[in-house]
Amino acid sequence: MPTLSGQTILITGITDKSSLALAIAKECQKQGAILICSGLGLTPHHKNLSENSTAYLQRTYSDFQTAVWEELGKDILTLPLDVSLQDSIDEFSKNLQEKGIQLNGFLHSIAMDKTIRKGKVKPIMEVNRDEFMDAMNVSAFSFLALTQSLYNAKVFAKKASLLALSYLGAERLVSHPYKNVGVSKSALERIAKEMALELGKSDGFQVNIIRFSPFTGSKAGGAIEGLTEAVALCNELSPLGNASPQDLAEEVAYLFRPTNRVTGEIRHVDGGYHIRG
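Everything in the sequence shown is counted per my numbering, starting at 878 for the first residue and increasing by one.
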């Protein structure tokens, strides 16, 4: 029997067919999971947007929905979600509640850093307050904010499993500029440990982080300066070579199993690169 048979899993962060979140969703579906997918899109809570911003949100949601329907099937429930807006988060949770959905798992695969533009990464000494807080809000706090909202709406089933994607750059300086988003990923990992303790004690939830190999195949990865060179370097130095999206997907599916007793972990799916000095 598939290991996730009967489990309902929320997958966030799919942008298009290149998304790591989509590879994870496909493996979870293969393992029998019932999927719900959220994507960035226009909501009633977006106010006073320019024409360009409106068009961007509409185009982004269309790309997300097309990827989900073509790769996972048109029966998958897709919903817009902007984690930078608390009202959007709460409406999303209420929507799931009204549909009688009980989540057994939830993947946070969301990050944003406005200091990365056209392949260039701004030095940390030039990052301003708004850029710092925006990255922290979307890349770190949103994991907690969405969990709080879903929890308060009583959408989680017992002993749910929560996962977020991170990177080795949260802990150390890496061979390509990670800078501002690295700081927010550090916060994400610390938040996850606090959540693991509190939600484990109260509800038997598992909360874990996975750090993946550097990856240029996604829209987000392709935007980071020096990442192409880092992929080659890490592949050479890793004992097993770089991990693939399928490796990541299988690890996520494993951690979504309802019978696990694994929590508060920062798992490395990177071919062992993290052991290098």
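Here a beta-carbon is modelled for each residue, glycine too, at the ideal position from N, C-alpha and C. Since we're looking at a predicted model, the values are computed, not measured.
For residue j and residue i, the rounded distance between their alpha carbons
i     : j     : result
V1015 : L1021 : 10 Å
Q935  : I1152 : 42 Å
E1106 : L973  : 42 Å
I1068 : A932  : 33 Å
I888  : H985  : 7 Å
T1136 : S930  : 44 Å
A1120 : N925  : 43 Å
L1045 : K976  : 38 Å
D990  : G1148 : 26 Å
Q906  : S961  : 28 Å
H923  : L1117 : 45 Å
I993  : D1080 : 38 Å
F983  : L1040 : 6 Å
K971  : E1128 : 30 Å
A1037 : R1144 : 18 Å
E904  : E968  : 28 Å
F1082 : E928  : 42 Å
M1072 : L912  : 23 Å
Local conformation of residue i per DSSP, three classes
i     : result
H923  : coil
H1053 : coil
T1136 : coil
S1038 : strand
T992  : coil
R1153 : coil
L956  : strand
V1146 : strand
E1048 : coil
S1026 : helix
V1015 : helix
N972  : helix
S939  : helix
Neighbour-count burial assignment, residue i, 16 or more Cβ in a 10 Å radius
i     : result
Q1123 : exposed
D1007 : exposed
K1031 : exposed
G1154 : exposed
M1010 : exposed
N1057 : buried
A1130 : buried
A1109 : exposed
D952  : exposed
M1002 : exposed
Strand pairing of residue i, partner residues [DSSP]
i     : result
K951  : DSSP, once it has assigned bridges, lists no residue as partnering K951.
S1043 : R1088
F983  : L887, L1039
K997  : R994
F1020 : Beta-bridge pairing links F1020 to no other residue.
F1033 : L980
Any non-hydrogen atom of the ligand ZN within 7 Å of residue i CB
i     : result
L1110 : This structure simply doesn't include the ligand ZN, nor any ligand for that matter.
Neighbour flag for residue i against chain C, beta carbons, 8 Å
i     : result
L1074 : In summary, chain C is missing from the structure at hand, where a single protein chain is found.
Any alpha helix (DSSP H) of 4 or more consecutive residues that is wholly inside the stretch 1056-1105
1056-1080
Which parts of the stretch 879-934 are runs of the beta strand (DSSP E), unbroken and 3 residues or longer, counting only runs that do not cross its ends?
Every beta strand (DSSP E) of 3 residues or more that sits fully in the stretch 879-934 is shown, in chain order, as 885-888, 911-916.
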